[in-house]
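Asks: I am attaching a structure below and will ask some questions about it afterwards.
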Amino acid sequence: MRTMPNIQRQLQNVDPEKTIFMMTFLSELLETPEPLSEDLLSTYKLLIYTVVTNLALRKSQPPQVRPVWTYNRYTDRTQQIIRKPALDGQLLLKVLSHCRDLVLPECASRLVANVAAQTDSMDPQDFDSTILPSLKGIIIRLHEEKDELDFYYKMLFQTRLSNYVDRFVGSEPAQINWSRNPVRCGCAHCRDLNIFLRSPVDHAYRVRASKARRHHLHSQLDAYTDCTHITDRGYAEIMVVTKQGSDFAEKLAAWNKKARSATAALRSLEDWEDTTSSSSQLRELLGVRYTELMTLSTYD
Ligand SMILES: [Zn+2]
Numbered sequence: 141m142r143t144m145p146n147i148q149r150q151l152q153n154v155d156p157e158k159t160i161f162m163m164t165f166l167s168e169l170l171e172t173p174e175p176l177s178e179d180l181l182s183t184y185k186l187l188i189y190t191v192v193t194n195l196a197l198r199k200s201q202p203p204q205v206r207p208v209w210t211y212n213r214y215t216d217r218t219q220q221i222i223r224k225p226a227l228d229g230q231l232l233l234k235v236l237s238h239c240r241d242l243v244l245p246e247c248a249s250r251l252v253a254n255v256a257a258q259t260d261s262m263d264p265q266d267f268d269s270t271i272l273p274s275l276k277g278i279i280i281r282l283h284e285e286k287d288e289l290d291f292y293y294k295m296l297f298q299t300r301l302s303n304y305v306d307r308f309v310g311s312e313p314a315q316i317n318w319s320r321n322p323v324r325c326g327c328a329h330c331r332d333l334n335i336f337l338r339s340p341v342d343h344a345y346r347v348r349a350s351k352a353r354r355h356h357l358h359s360q361l362d363a364y365t366d367c368t369h370i371t372d373r374g375y376a377e378i379m380v381v382t383k384q385g386s387d388f389a390e391k392l393a394a395w396n397k398k399a400r401s402a403t404a405a406l407r408s409l410e411d412w413e414d415t416t417s418s419s420s421q422l423r424e425l426l427g428v429r430y431t432e433l434m435t436l437s438t439y440d
């Protein structure tokens, strides 16, 4: 058993890929048809303790570069980014089940506490594959009376699901009032421009303008506003002025998509429950926060 301290040392260098490797290894080890001997079982317990103490989930990734339309777009390398799979929540559940079934309460509570700590900084995109399936598996275990519904499980469900709603869905983008401060010039061209700038609903302005007029508007816009401006030379020389924040509709659509997917994911946690009953495992786990979390309203 001289190799164990080495393995333990190796596993102290926390890294998400090592966590996936070790969790796969641990979950398969007890699936063998022959039960493990006493000696191997004690080694297994030592190993599982080390793994749950040092687990790491993938951190938030920097935003990926969007593929851009270029003349050589077919060679554009940004389109070839392949995301590695996240830790499978079923593996997490198997390891937790092993801790519970082998009566290793300290291992089980460490695993629950470390998963809770790691989800604060984990990549929110991995919630659906790592966290939600493991929570669903816990509900099934509670349903089958394999586990007791205790303080640790309540803490795990309440903190992880509020983290999921806050970090995966986030707050709904607020409707933008398009009104902007005017430029400080009283000429006729700027008066027209100011009507557009003060408008609460218009976010783009097209005006046919000579080079001198464009130059004047350009310097006024740059001095007093955050608007972008380009010249459309397609038909006539048209200056196009756009207020910042015009991607609101896009942001709202993306948020709605996330909110729909999160609502479906949260409801799927109750698949196992009798929906006609007013009490359920999930209601009990979430306590007074049930309604708030299930309706995605944890933020102000
Ligand atoms: Zn002017």
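Position 78 of the sequence shown, counted from 1, bears residue number 218 in our numbering, the numbering being contiguous throughout.
Virtual Cβ for every residue (Gly too), placed ideally from N, Cα, C.
1) Which residue or residues does DSSP assign as beta-bridge partners of K351?
2) For I271, which residues in the same chain have their Cβ closer than 7 Å to its Cβ, ignoring the five residues on either side in sequence?
3) Thinking just about the alpha-carbon of each residue, which of A349, I370 and P175 is nearest to the one in A328?
4) Kindly identify the DSSP beta-bridge partner or partners of D372.
5) Does ligand 1 have a heavy atom nearer than 7 Å to the CB of H358?
6) Ligand 1 and C367: does any heavy atom of the ligand fall closer than 7 Å to the residue's C-beta?
7) Secondary structure at A402, three-state DSSP: helix, strand or coil?
8) At 4 residues or longer, and completely inside the stretch 406-436: list those alpha helix (DSSP H) runs for me, N to C.
9) So, with DSSP's three-state summary, where would you put K199?
10) Compute every distance between the C-beta of H443 and the non-hydrogen atoms of ligand 1, then say whether any falls below 7 Å.
11) Do you know whose CA, among A404, C247 and L425, lies nearest H283's CA?
12) May I ask you to report which of helix, strand or coil DSSP gives T210?
13) Would V323 and R346 qualify as a contact pair, given that the criterion is a beta-carbon distance under 8 Å?
14) Nearest to A363 by CA position, among C325, H238, V252 and S200, is which residue?
15) Answer with buried or exposed for R149, where buried requires no fewer than 16 other C-beta atoms within 10 angstroms of its C-beta.
16) Ignoring anything shorter than 4 residues, give me the alpha helix (DSSP H) runs that lie fully in the stretch 218-267, in order along the chain.
17) I need the DSSP call for R324, collapsed to helix, strand or coil.
18) Count the CB pairs spanning the stretch 247-254 and the stretch 389-405 that are closer than 8 Å, and state whether there are at least three.
19) Any contact between the stretch 305-313 and the stretch 329-339? By contact I mean 3 or more CB pairs, one from each, below 8 Å.
20) Is H355 near ligand 1, in the sense that its beta carbon is under 7 Å from a heavy atom of that ligand?
21) Distance, Cα to Cα, C110 vs G277?
22) Less than 8 Å between the CB atoms is what I'm expecting for Q298 and R429, so what's the real figure, rounded?
23) Based on DSSP bridge pairs, tell me the residues matched to A344.
24) What residues sit near ligand 2, counting only those whose C-beta is closer than 5 Å to one of its heavy atoms, in chain order?
Replies: According to the data block:
1) K351 pairs with nothing; no bridge assigned.
2) G229, T259, R300 and Y304
3) Selected option, being the one with the closest Cα: A349.
4) I378
5) no
6) no
7) helix
8) Runs of the alpha helix (DSSP H) spanning 4 or more residues and lying entirely within the stretch 406-436 occur at 421-426 and 430-434, in chain order.
9) Strand at K199.
10) With the chain covering only 141 through 440, there is no way to say anything about residue 443.
11) It is L425.
12) At T210 the pLDDT is 46, less than 50, meaning the model places this residue with poor confidence and gives no usable figure here.
13) Their beta carbons are not under 8 Å apart, which means V323 does not touch R346 by this criterion.
14) C325
15) exposed
16) 229-241 and 245-259
17) coil
18) Touching, no.
19) no
20) No, since every heavy atom of ligand 1 falls outside the 7 Å radius drawn around the Cβ of H355.
21) Residue 110 lies beyond the stretch modelled for the chain, which goes from 141 to 440, so this question has no answer here.
22) 6 Å
23) T382.
24) By its list of ligands, the structure shown excludes ligand 2, since it contains just ligand 1.
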